[in-house]
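J.: Below: one structure in structure tokens.
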């Protein structure tokens, strides 16, 4: 398992409810891919959402987000953290 | 106080030690601006670093990172989180 930060663009105007529902959609299926989404942060003005997860691979993160209806624009392994 | 996610590009090859030292440099001066850096995550291959903070403003985050020697390329207020 490794840590990943993924990024969604084009989310301008996202609301608290929409962020929570999107996160819930990930949580509902993440076990199929052995992914754990931990946090998500949104900038509704710039339309950017960052998601932090633990996952077996970048592809696993991508598949969960795609199946949940909000594919990620970038998925970065982040092996270093403080 | 609000939450911010800032992003540094061009950090390819960053090591665990370098990330820790950069974070320590922020922590050493952050109180001057009433900023609290909470976490940082690095993708050494893509050269991207994400930093999460609590701060009074985007400008305060920018000033701490600049004075610490590693200006941020983007600073996003992230008022929504899950």
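Chains as they are written, first to last, in our numbering: chain A, 1 to 82; chain B, 1 to 82.
For every residue, glycine included, the Cβ atom is placed at its ideal position computed from N, Cα and C.
All of these numbers come straight from a predicted model, not from anything done at the bench.
Can you give me the Cβ contacts of residue 40/A inside the same chain, cut-off strictly under 8 Å, excluding the 5 residues immediately before and after it?
T.: The residue labelled residue 40/A in the question sits at position 40 within the first chain. Around residue 40/A: 19, 22, 23, 49, 50, 51 and 52.
J.: Give the interface partners of residue 42/A over in chain B, defined as CB-CB distance under 8 Å, in chain order.
T.: Reading the first chain from its first residue, position 42 is the one you call residue 42/A. Ordered by position in chain B, the residues that pass the 8 Å Cβ test against residue 42/A are 78, 79, 80 and 81.
J.: Report yes if the CB atom of residue 72/A is closer than 8 Å to the CB atom of residue 6/A, and no otherwise.
T.: For the purposes of this step, residue 72/A is identified with residue 72 of the first chain, where counting begins at 1. For the purposes of this step, residue 6/A is identified with residue 6 of the first chain, where counting begins at 1. Taking 8 Å as the Cβ cut-off, residue 72/A and residue 6/A qualify as a contacting pair.
J.: In the region 9-34 of chain A, which residues sit with their C-beta less than 8 Å from some C-beta in chain B, listed in chain order?
T.: Result list: 14, 15, 16, 19, 20 and 23.
J.: Identify, in the order they occur along the chain, each residue of the same chain with its Cβ nearer than 7 Å to the Cβ of residue 64/A, setting aside the five sequence neighbours on each side.
T.: Numbered from its first residue, the first chain carries residue 64/A at position 64. Closer than 7 Å at Cβ, skipping near neighbours: 26, 29, 30, 33 and 35.
J.: Quick one: grab the DSSP three-state call for residue 45/A.
T.: Stepping through the first chain from its first residue, residue 45/A is reached at position 45. If DSSP states are grouped into helix, strand and coil, residue 45/A belongs with coil.
J.: What separation, rounded to the nearest whole angstrom, lies between the Cα atoms of residue 9/A and residue 45/B?
T.: Position 9 of the first chain, counted from the start, is the residue given in the question as residue 9/A. Position 45 of the second chain, counted from the start, is the residue given in the question as residue 45/B. Using only the alpha carbons, I get a separation of about 21 Å.
J.: So residue 12/A packs on residue 47/A, CB below 8 Å; how close in whole Å?
T.: The sequence position of residue 12/A within the first chain is 12, counting from 1. The sequence position of residue 47/A within the first chain is 47, counting from 1. With 8 Å as the limit, residue 12/A and residue 47/A qualify as a contact, their Cβ atoms being about 3 Å apart.
J.: When you compare the CB positions of residue 17/B and residue 77/A, do they come within less than 8 Å of one another, or not?
T.: Looking up residue 17/B in the second chain gives position 17. Looking up residue 77/A in the first chain gives position 77. No, they are not a contact pair.
J.: I need the straight-line Cα distance from residue 54/A to residue 75/A, nearest angstrom please.
T.: Counting from 1 along the first chain, the entry for residue 54/A is found at position 54. Counting from 1 along the first chain, the entry for residue 75/A is found at position 75. Their Cα atoms are separated by approximately 12 Å.
J.: From the DSSP secondary-structure annotation, give me the bridge partner or partners of residue 80/A.
T.: Locating residue 80/A in the first chain gives position 80, where the first residue counts as 1. BP columns for residue 80/A point to 42/B.
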